[in-house]
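A short worksheet on the structure shown next.
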Amino acid sequence: MYKRLVKWFDSDLGHSFKSSPVAMGAALLAFVCVFCAVFAPWVAPHNPFDLATLELGNARLPPAWQAGGNPSFFLGTDDQGRDILSALMYGTRISLAVGLASVILSVLVGVALGLLAGFVGGWLDAFLMRLCDVMLSFPAILVALLIAGVGRALFPNAHDSLAFGVLILSISLTGWVQYARTVRGSTMVERSKEYVQAARVTGVSSARIMRRHVLPNVLGPVLVLATIQVATAIISEATLSFLGVGAPPTSPSLGTLIRVGNDYLFSGEWWITIFPGVMLVVIALSVNLLGDWLRDALNPRLR
Amino acid sequence: MKLINSCALSIIATASVAMLSVASAQTVRIGNQGDALSMDPHSLNESLQLSVTGNVYEPLVGRDSKLQLTPALATGWKQTSPTVWRFELRKGVKFHDGTAFTADDVLFSFARAAGDGSDMKSYTNDIKEVRKQGDHVVEIETKSPFPILPDVISLVYIMSKQWAEANQATRPVDRRKGVENVASFKANGTGPYRLRERQPNVKTTFQRNGNYWGKIEGNVAEIEYTPIGNDATRVAALMSGQVDVIEPVPLQDVARINGSGKAKVMQGPELRTIFLGMDQKRDELVYSNVKGKNPFKDKRVRQAFYQAIDINSIQRVVMRGASTPTALMVAPGITGFDAAMNTRLPYDVEAAKKLLADAGYANGFEVGMNCPNDRYVNDSRICEAVAANLARVGVKVNLQAETKGTYFPKILRRDTSFYLLGWTPGTYDSHNALNALMRCVDDKGGGQFNLGSYCNPKVDELTNKIQSETDKAKRDGMIKEAFKIHADDVGHLPLHQQALAWGVASNVSLVQLADNFMPFRYMSVK
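Printed below as a string of structure tokens:
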């Protein structure tokens, strides 16, 4: 593991990383966010999802440095007495999990369909790409709202975990289009190259050519796109939760926290909404900066 | 010369500005969370709509600023036999279009309110016949002795027969179903204000009725009514002087408005009682991990829930003091309310745990809870707090908070195990609450909103007796007994009466009624 890390640092990519302070800063921020999120149960001072520990008497306390603040609630508490700092960590956990899961799902769907469309061509290609056109002509959040709405109507009294499933599905079903487009384009370029023809001549099956030969060569752009899409997915999740069709109120994600706090923004209780908002910006920004750097580093023309 | 000219001009300009401000000083602009869905007084039995149309239309028997019965279009009424009431109608009253008000209009309006498309049938159900006994006398015969008839018809507004016929509006239509007619947009009543312009969901303008038969206490010449749905926008409109009155004020903004010096918040108890209900009918709850039996059938479980709820913290924190915890299903001000009975079971986590253990749920259980998030003051936050309280005794609540548009159809289908509801008895009488919320469900509309199907035959028997009992002391005694049985059964979990909160600009004075009606006639501008 350590050796591989050293090897990575010596590679082109590693060099580009070392020479880019922005990338290092972004990686550090992202690392802190991910660390807090993954280890929330151990790092967070309170468990905001354990309803039994909530005390209404602690509701709407200001941050510790303000008059009336309580040192055990560093960033203050929300309207139910949840510690904002802990809620941020747990909320980030949900946001990241939903973001990653939906990106992985949309990469799987998008890459598979894009490969198929680009490699097979013909009516299948035409059909899949028109489908993409239709999807792209709707605002993504509208489609996500529709899917979330239909999902909720189908399972009106679903358990919390199903609510997350619907959420992930609704985000990934709008996200796959971009991967499909990108992969299809690259595949069409690769398809006519000699190594593919060579493989075909030797009698390798189409499925195997796609998987073993074409796929590794089209994954570069997908990697960049996926990184940036993680930020988009996190923001989509926050938007859906803000609109009230996302995470359930008893286990709030960042979007839910912002929505709850929004009601109090003008009333002087700014911390309930500002901190989750800042957190969302920090995550999205660091992931985007990392994606930007990755795009530049993987682009041979910019080297 | 030029200088003098411009001086003169500026004087004229100043004078006209002054005049303008005098004129606008008598206009009150109201920003409300929602709009009255229609101007038709019989099309929807909902507080907001009846409050708005109640400025244009009047009932036979009205309510004064203390909600006591007062003569409106009837000058007097008396019971001539156990089932017959005689109403003397006011003479010399004219509708806004100039036609005279007579007994024919009363007959027409009661038939309209009882007929197809009307949402006011619950107020006319017990009436057998309305008879004309001369131009200004009517008799109302009820199906059975009905001592509270004047209370029950205080929201049945009188329309002009001639006008309705001329406008093909002899039947109310339901705007919720997308049907509208002339009476949805125009109005012709006898009330202190006349409808001048109606733009649904945008603006509705009312003008003082100069020919009103009575005295209008306030001095407002014109009312502009604008719906402003967003809480923050509504508060901002009040603070910037775009509107003079807002309803409701979000609780978190009360201190800010009071501290601004531009406006104040009028708070008062509302007649609506907020409570939780539990499915006590099904043999197995629809949304629970307990299979094969229904824990809510066990009184100990219901009482454990009751005692696990920390109502004082909810009152202090979630409601910011703007609520009155209650043990009864009706509020002070409702006939039959008894302060002596209004003592809640104590908040006691240990007792609740013990009750659950005795009932066989020492490790608690899971139950789904349904809650609206835009109907009552801080409704979903109340549910969250209740969920947190119940978590402490081991009950895991899967909370589903949603908008009223999807919430009410669901719980009215009884597709719920545990729900939150608010109820204001439309007749200001306990019988309404008993009949709608606490009696066993039957197919004749009894227990229509008893969504958990609580059922105790003794309560049913008393409810029937209360309906026709004419002796007040005896009747109050029976109401008390029915409430006692219901409380001993822990049929529902009463929470509190929420407080009304109206934001009023400093130069406006008005009267706040406990039923959340906002009569324009009491409004004055300084």
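So the protein lines, in turn, are chains A and B.
Going by the working numbering, 164 is the number at position 147 of the first sequence; the sequence numbering is gapless.
Going by the working numbering, 878 is the number at position 426 of the second sequence; the sequence numbering is gapless.
Positions of the beta carbon are idealized from the N, C-alpha and C atoms, including for glycine.
All of these numbers come straight from a predicted model, not from anything done at the bench.
Which of helix, strand or coil DSSP assigns to Ala76 (chain A): DSSP places Ala76 (chain A) in coil when its eight states are reduced to three.
Residue interval of the alpha helix (DSSP H) (run including His32 (chain A)): Boundaries of the alpha helix (DSSP H) around His32 (chain A): Asp29 to Lys35.
8 Å Cβ cut-off: residues of chain A touching Asp762 (chain B): Neighbours of Asp762 (chain B) on chain A, chain order: Leu73.
Cβ contact check for the stretch 894-901 of chain B and the stretch 840-860 of chain B: 3 or more pairs under 8 Å: Under the three-pair Cβ rule at 8 Å, the stretch 894-901 of chain B does not count as touching the stretch 840-860 of chain B.
Given 8 Å as the limit, is there contact between the stretch 53-71 of chain A and the stretch 101-115 of chain A, that is, 3 or more CB pairs closer than that? In short, these stretches touch, since the Cβ pair count reaches three.
Residues of chain A with CB closer than 7 Å to the CB of Arg623 (chain B), please, in chain order. One finds nothing in chain A with a Cβ atom closer than 7 Å to the Cβ of Arg623 (chain B); even the nearest lies about 34 Å away.
Between the Cα of Leu306 (chain A) and the Cα atoms of A:Thr290, A:Thr249 and A:Ser284, which residue gives the shortest distance? Looking only at A:Thr290, A:Thr249 and A:Ser284, the smallest Cα-Cα distance to Leu306 (chain A) is reached by A:Thr249.
Do Arg708 (chain B) and Gly131 (chain A) come within 8 Å of each other at the CB atom, strictly closer than that value? Result no, Cβ atoms of Gly131 (chain A) and Arg708 (chain B) do not sit closer than 8 Å.
Can you tell me which of the three DSSP states Gly514 (chain B) falls into? Correct three-state label for Gly514 (chain B): strand.
Is Val604 (chain B) closer than 8 Å to Ile592 (chain B) when the C-beta atoms are compared? Contact: no.
For Pro784 (chain B), the three-state DSSP class (helix, strand or coil): Note: Pro784 (chain B) maps to coil in three-state DSSP.
At what residues does the beta strand (DSSP E) containing Thr725 (chain B) begin and finish? From DSSP, the beta strand (DSSP E) with Thr725 (chain B) extends over Ala715 to Met730.
Is DSSP giving Ile680 (chain B) helix, strand or coil here? Coil.
Taking only beta-carbon positions, decide if Asp27 (chain A) is within less than 8 Å of chain B. Not an interface residue.
Glu736 (chain B) - DSSP class collapsed to helix/strand/coil: Of the three classes helix, strand and coil, the one that applies to Glu736 (chain B) here is coil, per DSSP.
Buried/exposed call for Ser473 (chain B), threshold 16 Cβ in 10 Å: A caution first: Ser473 (chain B) carries a pLDDT of 41, below 50, which makes its placement in the model too unreliable to give a value.
Can you tell which of B:Val956, B:Ala552, B:Thr535 and B:Asp587 has its C-alpha closest to the C-alpha of Val697 (chain B)? Taking the Cα of Val697 (chain B) as reference, the smallest distance to any Cα among B:Val956, B:Ala552, B:Thr535 and B:Asp587 is reached at B:Val956.
Counting beta carbon pairs with one atom in the stretch 157-170 of chain A and one in the stretch 251-268 of chain A, are three or more of them shorter than 8 Å? They touch, by the three-pair rule.
Hey, would you say Ala165 (chain A) sits closer than 8 Å to Ser187 (chain A), going by beta carbons? Yes.
Assign Tyr880 (chain B) to one of two classes, buried (16 or more other C-beta atoms within 10 Å of its C-beta) or exposed (fewer than that). A residue is called buried when at least 16 other Cβ atoms come within 10 angstroms of its Cβ; Tyr880 (chain B) meets this threshold and is buried.
In terms of residue numbering, what span does the alpha helix (DSSP H) encompassing Val120 (chain A) cover? Run containing Val120 (chain A): Ile101 to Val137, per the alpha helix (DSSP H) assignment.
Leu455 (chain B), DSSP secondary structure in three states: Annotation note: pLDDT 44 at Leu455 (chain B) (below 50); position unreliable, coordinate value reported separately. If DSSP states are grouped into helix, strand and coil, Leu455 (chain B) belongs with the helices.
Tell me the residue span of the alpha helix (DSSP H) that contains Asn305 (chain A). Per DSSP, Asn305 (chain A) belongs to the alpha helix (DSSP H) from Trp288 to Leu315.
Considering Ser606 (chain B), what are the terminal residues of the alpha helix (DSSP H) in which it resides? First-last for Ser606 (chain B): undefined, no H or E at that position.
Skipping 5 residues on each side, what residues in its chain have a beta carbon closer than 7 Å to that of Thr776 (chain B)? When the five nearest sequence neighbours on each side are left out, the beta carbons in the same chain lying within less than 7 Å of the beta carbon of Thr776 (chain B) are those of Pro721, His948 and Gln949, in order along the chain.
In terms of residue numbering, what span does the beta strand (DSSP E) encompassing Ile947 (chain B) cover? This sequence places Leu at residue 947 (chain B); Ile is not what is there. Element bounds for Leu947 (chain B): Leu945 to Ala957.
Distance, Cα to Cα, Val235 (chain A) vs Tyr196 (chain A)? One C-alpha to the other measures close to 11 Å.
Where does Ser476 (chain B) sit, in a helix, a strand or coil, going by DSSP? Summary for Ser476 (chain B): the model assigns pLDDT 48, below 50, so the residue's position carries little reliability; its value from the coordinates is reported in the next sentence. Shown here, Ser476 (chain B) sits in a helix according to DSSP, grouped into three states.
Quick one: what's got a C-beta closer than 6 Å to Asp578 (chain B)'s C-beta in the same chain, skipping five residues either side? Thr594, Lys595 and Phe598.
Using a Cβ-Cβ cut-off of less than 8 Å, give me the residues of the stretch 712-743 of chain B that come near chain A, in sequence order. Those residues of the stretch 712-743 of chain B that come within reach of chain A (Cβ to Cβ, closer than 8 Å) are Val738 and Tyr739.
Chain-ordered chain B contacts of Gly272 (chain A) [CB-CB under 7 Å]: Against chain B, a Cβ distance below 7 Å from Gly272 (chain A) picks out nothing, because the smallest value is about 15 Å.
Got a sec: is the Cβ-Cβ distance from Asp280 (chain A) to anything in chain B below 8 Å? Closer than 8 Å to some Cβ of chain B, the Cβ of Asp280 (chain A) qualifies, so yes.
Hey, Tyr758 (chain B) and Leu945 (chain B): beta-carbon distance below 8 Å or not? With a cutoff of 8 Å on beta-carbon distance, Tyr758 (chain B) and Leu945 (chain B) are scored as near each other.
Can you tell me the Cα-Cα spacing of Val218 (chain A) and Val39 (chain A), whole angstroms? Answer to the nearest angstrom: the Cα atoms are 47 Å apart.
What are the boundary residues of the beta strand (DSSP E) that includes Arg318 (chain A)? First-last for Arg318 (chain A): undefined, no H or E at that position.
With DSSP run on the structure shown, which of helix, strand or coil describes Glu836 (chain B)? Correct three-state label for Glu836 (chain B): helix.
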